[in-house]
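Peer 1:
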Amino acid sequence: MSTTMDRLLGLELPKPELRQKKIKRLSELAGEDVVFTLRELTSAQIEAAAGLQKDRDANYVLEGVQEPNLRDPRWYEDKMGCETPADALKKLLRPGELRALARELDELAGYGPGVLEDISKN
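If you count by UniProt numbering, then the sequence shown holds residues 1 to 122, one letter each, in order.
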């Protein structure tokens, strides 16, 4: 019978999970699907975003969106007329849309119910 340590030593770490999310309102405006590919964040990325006082959700989402490249100056400077990608993202998305993407990233990172299972019996 193997121990928990044996199982951990034999465990291969999975690649970060990806999830695609269609932004409904933007898709309707564009007349075709506007899809963001979200990538599971590392602990270091989450801690860095959590340490920011300004634009926390926007920067958290910027960190987790793999596609499209929202840090492309052609988009945030030229198209959106903003100094930073965070400002452009706040201009593009409604606050609830931004928060919904942040919640998806939280879920990808393992926050939320269902990640642990109680096996002890009282």
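The beta-carbon is built from N, C-alpha and C at its ideal position, and this holds for glycine as well.
Mark glycine 31 as exposed unless 16 or more other C-beta atoms lie within 10 angstroms of its C-beta, in which case mark it buried.
Peer 2: By the 10 Å Cβ count, glycine 31 comes out exposed.
Peer 1: How long is the line joining the alpha carbons of residue 126 and glutamate 117, rounded to whole angstroms?
Peer 2: The first residue shown for the chain is 1 and the last is 122, placing residue 126 beyond what the model contains.
Peer 1: Measure the beta-carbon distance from glutamine 45 to glutamate 63 and round it to whole angstroms, keeping in mind my assumption that it falls under 8 angstroms.
Peer 2: Rounded, the Cβ-Cβ distance is 5 angstroms, consistent with contact.
Peer 1: Just reading off the beta strand (DSSP E) that lysine 22 is part of, what are its end residues?
Peer 2: Looking at the DSSP string, the run of the beta strand (DSSP E) that includes lysine 22 is 18 to 22.
Peer 1: If you drop the 5 nearest sequence neighbours on each side, which residues of the same chain put their C-beta closer than 8 angstroms to that of glutamine 20?
Peer 2: Once the five neighbours on either side are set aside, the close Cβ partners of glutamine 20 are Val35, Phe36, Thr37, Leu38.
Peer 1: Assign valine 34 to one of three DSSP states: helix, strand, or coil.
Peer 2: Of the three classes helix, strand and coil, the one that applies to valine 34 here is coil, per DSSP.
Peer 1: Beta carbon of residue 178, beta carbon of leucine 29: below 8 angstroms?
Peer 2: In the structure as shown, the chain begins at 1 and stops at 122. Residue 178 is therefore absent and cannot be evaluated.
Peer 1: Within a Cβ cutoff of 8 angstroms, which residues of the same chain sit near leucine 98, ignoring the five residues on either side of it in sequence?
Peer 2: Within the same chain, leucine 98 has close Cβ partners Asp57, Ala58, Val61, Leu89, Lys90.
Peer 1: Fully enclosed by the segment 65 to 120, which alpha helix (DSSP H) runs are 4 residues long or longer?
Peer 2: Runs of the alpha helix (DSSP H) inside the segment 65 to 120: 85 to 92, 95 to 108.
Peer 1: Here's a check: name, in chain order, each residue in its chain whose Cβ is nearer than 7 angstroms to the Cβ of proline 85, leaving out the five neighbours to either side.
Peer 2: Leu62, Leu70, Arg71, Tyr76.
Peer 1: What residues match up with arginine 39 in a beta bridge as DSSP calls it?
Peer 2: BP columns for arginine 39 point to Leu18.
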